[in-house]
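Remarks on the structure that follows.
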Amino acid sequence: MTNKYSEIGKHVIILENKHDANLICVEMEESLVFIDTGRMYDVATQFRNEMEQRFNKKASHLFITHYHFDHYGGISAFKDIEIVAAENNYEQFIADINYHLTKDKRKKYVEKWKEQTEKQKLDISESRRIHWKYFSLAELYSPTKAVVDEFEFGSNKRKLIFKVTGGHSKCSAYVYIPSENVIFIGDNLAIDPERKEEGALGYSMQFYRLGLNNRVLEVLREIEELPANTVVPGHGPAISKGHMIKIREYFENLFEVMKKLYREGKKPEELSENNKLEKFYDNKLESWEQIIKQQYTTVVKEETRRELELRKRQMLVSICAKDLGSYLSIYTDNSEFIFPNEHSLERKESFRDNFLGFNQIIEQEYVAEQYHHLENKIVEIGKYSAKFKSKEDLMNYEKKYVYSWIKENNEWKIISDMTISERVF
Ligand SMILES: [Zn+2]
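Residue numbers (our numbering): 51 to 475.
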């Protein structure tokens with residue numbers, strides 16, 4: 051195993067490993083802080099010890115850029131210090147380490163993966179070998195501090211800003227150190243470890259498969275506004291901000307073309323013959339056709355969600371105007387309605403008597419919490435809330451819903467409307 055240290059200025063050391071996430075040490079005035087752990091707790095322990103000796107300071111904080119195993123798997127090396135991560139997905143992370151991903155379960159997963167690979171006689175990459183070994187061995191701990199938006203540490207002379215941004219995952223965060231002009235952005239970017247400035251602009255797409263979306267590009271644009279000029283990705287070497295901008299522009303242009311293709315009704319399997327994508331082709335990217343299809347799938351999903359959001363805005367307008375006709379036009383003729391009092395209706399015609407009878411809506415909103423893209427439909431789980439005037443009183447209404455959407459004559463329509471719970475208060 052080859053560990054390589056890179057120094058960025060006097061106070062920042064990066065431990066790069068081409069098969070794992072970057073580990074970072076930052077010397078603050080009073081202590082050392084670490085960013086991400088990689089998967090290998092023994093490597094993380096060794097890195098921490100070496101840095102504590104080198105700077106003659108003790109570690110005080112670990113910052114986790116997001117809850118993916120390659121970024122927190124070595125967390126046991128830092129179990130005695132403050133561990134900071136995002137509030138988003140925190141509950142899920144706790145559920146994972148205490149239930150879905152206990153050590154026993156992780157061991158069983160790895161055994162199954164090994165069996166499958168042997169059966170199919172596949173080659174096992176070094177990264178996978180490392181993942182399997184440490185996934186079954188790791189002792190996992192929960193963060194001691196869950197950050198909703200932003201957390202600052204240090205003095206004005208050397209300050210660290212941890213900011214939750216989302217993007218690659220809901221819990222993605224960056225760590226920015228103004229005095230060093232450097233920002234650590236986790237997996238909102240990945241750079242080919244073999245190549246740097248001359249590297250393939252689309253490498254992140256090759257690396258992440260499904261983790262590169264519109265929000266990632268928004269985050270990169272936000273980061274461009276900061277005065278930092280060195281950007282350290284979750285995987286691969288540090289790059290200049292100029293290089294990051296080139297990557298962001300490459301993806302922005304690619305996404306625009308993909309959105310156009312989606313509007314033209316192109317299926318993922320029809321993409322390879324499409325010459326509009328040719329200018330994005332880079333022979334340094336492996337299995338180009340496959341990754342471009344995967345990226346297209348992500349773009350199509352996001353476009354679909356945008357369309358559903360527009361559809362719900364139309365519903366809000368209809369409710370406000372008490373326009374039942376326009377409201378019901380968003381439902382298929384044979385749609386079913388299921389209510390929490392064990393009452394249900396088949397066909398929207400019978401829904402007419404049940405239309406929301408709010409006197410006057412003051413404000414209302416839909417918040418979609420989950421979208422499940424299934425073969426022929428999309429299932430949306432979310433919350434609708436409204437403030438309304440009933441006689442002289444201001445009241446609140448809240449419901450948890452599950453909508454099943456299908457496309458009918460090129461328009462999204464609800465085929466099943468379930469209200470899981472509702473309350474008026
Ligand atoms: Zn990663």
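By construction, the Cβ of each residue, glycine as well, lies at the ideal position given by its N, Cα and C atoms.
Near ligand 1, meaning a beta-carbon closer than 7 Å to one of its heavy atoms, we find Ala71, His118, Asp120, His121, Asp237, Gly284 and His285. With at least 16 other beta carbons inside 10 angstroms of its own, His121 counts as buried.
Around the beta carbon of Gly286, 16 or more other beta carbons sit within 10 angstroms, so the residue counts as buried.
Inter-residue distance for Val281 and Asp237 is about 12 Å (C-alpha atoms, whole angstroms). DSSP places Met468 in the uninterrupted beta strand (DSSP E) bounded by Glu461 to Val474. Our two residues, Ser471 and Val452, have alpha carbons roughly 10 Å apart in a direct line.
Taking a contact as a CB-CB distance under 8 Å, the pair Gly59 and Arg89 does not count as one, their CB atoms being some 27 Å apart. Per DSSP, the beta-bridge partners of Lys437 are Glu413 and Asn446. Of Val76, Asn138, Ala188 and His118, the smallest CA-CA separation from Ser126 is found for Ala188.
For Cys75, the closest C-alpha among the options Lys68, Ala94 and His69 is that of Ala94. Nearest to Thr382 by C-alpha distance, out of Lys463, Asp86 and Glu165, is Lys463. Per the DSSP secondary-structure output, Thr280 pairs in a beta bridge with Val232 and Ser290.
Pairing Leu335 with Tyr416 gives a Cβ-Cβ distance that is not under 8 Å.
In the DSSP assignment, Gly204 forms a beta bridge with Lys209.
A straight line joining the alpha-carbon of Asn99 with that of Ala436 spans about 55 Å.
Secondary structure at Cys221: coil, using DSSP grouped into helix, strand and coil. In this model, Ile289 and Gly315 are separated by some 37 Å (Cα to Cα). No Cβ-Cβ contact shorter than 8 Å links Phe257 with Ala278.
Nearest to Lys343 by C-alpha distance, out of Glu357, Met308, Ser368 and Lys329, is Met308.
Look at Ala145 here: in three-state DSSP terms it is helix.
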